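So the working numbering is basically just the index in the sequence shown, starting at one, shifted up by 460.
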Amino acid sequence: VPRALANFDTRGFIKLVIEEGSGRLIGVQAVAPEAGELIQTAVLAIRNRMTVQELADQLFPYLTMVEGLKLAAQTFSKDVKQLSCCAG
């Protein structure tokens with residue numbers, strides 16, 4: 461996540477769990493010093509029954525931790541090294 465690089469603290473991860481077949485988001489696990497910044501967005505995505513592709517298609521502000529949700533969702537359809545200048 462570019463914001464983590466800007467903070468000089470890249471510890472952690474974001475894990476998305478989807479329902480097989482539908483691609484609907486059913487769980488999110490975020491472990492990072494600033495994971496609290498993205499959890500509300502993750503809850504809204506789950507409660508609104510979004511698919512991982514719908515999450516990947518959302519607009520997220522650059523240089524925020526919540527951008528990590530979009531990047532994680534995009535890994536279901538793209539190579540992680542193509543997602544961001546800073547992802548690989």
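Positions of the beta carbon are idealized from the N, C-alpha and C atoms, including for glycine. The model shown is predicted, which means the values in this text are computed figures rather than measured ones.
Residue i, DSSP secondary structure in three states
{"i": "residue 501", "result": "helix"}
Environment of residue i [buried if 16+ CB atoms lie within 10 Å]
{"i": "residue 463", "result": "buried"}
{"i": "residue 466", "result": "exposed"}
{"i": "residue 504", "result": "exposed"}
Member of the options whose CA lies at the smallest distance from the CA of residue i
{"i": "residue 470", "options": "486, 491, 487 and 483", "result": "491"}
{"i": "residue 515", "options": "474, 484 and 479", "result": "484"}
{"i": "residue 482", "options": "508, 476 and 512", "result": "512"}
{"i": "residue 489", "options": "532, 524 and 517", "result": "532"}
{"i": "residue 508", "options": "474, 539 and 486", "result": "486"}
Residues bridged to residue i [DSSP beta-bridge criterion]
{"i": "residue 488", "result": "476"}
{"i": "residue 511", "result": "484"}
Terminal residues of the alpha helix (DSSP H) in which residue i lies
{"i": "residue 465", "result": "462 to 466"}
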